[in-house]
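Structure record follows, encoded as structure tokens.
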Amino acid sequence: MILPTIIEFIKYLLIAILLTQLGFGCLILLFGRTMVDFYTISIYEKPKSTFQRMSNVIQKTTIGFGFLLYSKVSTFNWLLRKVLLLGCLLVQAFLSIFLYEIIVVVLDWLSF
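Just so we're aligned: 66 in this note's numbering is position 65 of the sequence shown, and the numbers increase by one with no gaps anywhere.
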């Protein structure tokens with residue numbers, strides 16, 4: 002009885018993480034440097050305490066991939082950067098769906 006509940010929770014958690022990553026990437030696409038500055042403010046450069054390390058892990062797990070994509074394409078001019086970031090986000094969306102489906106199949110297999 003409790004295993005199906007845990008599996009459903011894992012599915013919902015996975016959906017939340019993948020959609021948050023994609024959503025923050027879309028916000029970076031729309032607002033650019035403003036969202037990147039928000040991300041850099043929320044990350045501790047050299048974390049000294051466990052709280053700071055955990056905060057960094059949570060930030061990088063939930064919204065870090067959009068920042069990583071932006072940092073890779075930030076050397077290009079504005080229009081090319083937007084097009085490349087849009088392409089990366091489309092690939093990320095398809096890969097997120099694919100990853101979710103694979104994990105759901107494995108979780109469903111484990112629940113039987």
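In this text, a Cβ means the ideal position worked out from N, Cα and C, and glycines have one as well.
Residue 1, buried or exposed, once every other Cβ within 10 Å from all chains shown has been counted against 16: The requested residue 1 does not occur in the structure, where the chain is confined to residues 2 to 113.
Exposure label - residue 4; buried when at least 16 CB within 10 Å: With a threshold of 16 other beta carbon atoms within 10 Å, residue 4 falls short and is exposed.
Other residues of its chain near residue 15: CB distance less than 7 angstroms, five sequence neighbours each side excluded: Cβ neighbours of residue 15 within its own chain (closer than 7 angstroms, five residues either side excluded): 101 and 104.
DSSP-derived helix/strand/coil call for residue 44: Reduced to three states, the DSSP call for residue 44 is coil.
Three-state class that DSSP yields for residue 200 in the structure shown: Not covered by the structure: residue 200. The range shown for the chain is 2 to 113.
Sub-8 angstroms separation of residue 23 and residue 90 beta-carbons: Yes.
As assigned by DSSP and simplified to three states, the class of residue 49: DSSP places residue 49 outside both helix and strand once states are collapsed to three, so it counts as coil.
Coarse secondary structure for residue 95, derived from DSSP in three states: Secondary structure of residue 95 (DSSP, three-state): helix.
Cα-Cα separation between residue 94 and residue 32, rounded to whole angstroms: Between residue 94 and residue 32, the C-alpha separation is close to 19 angstroms.
Where the alpha helix (DSSP H) through residue 26 begins and ends: Here the alpha helix (DSSP H) through residue 26 covers 3-32.
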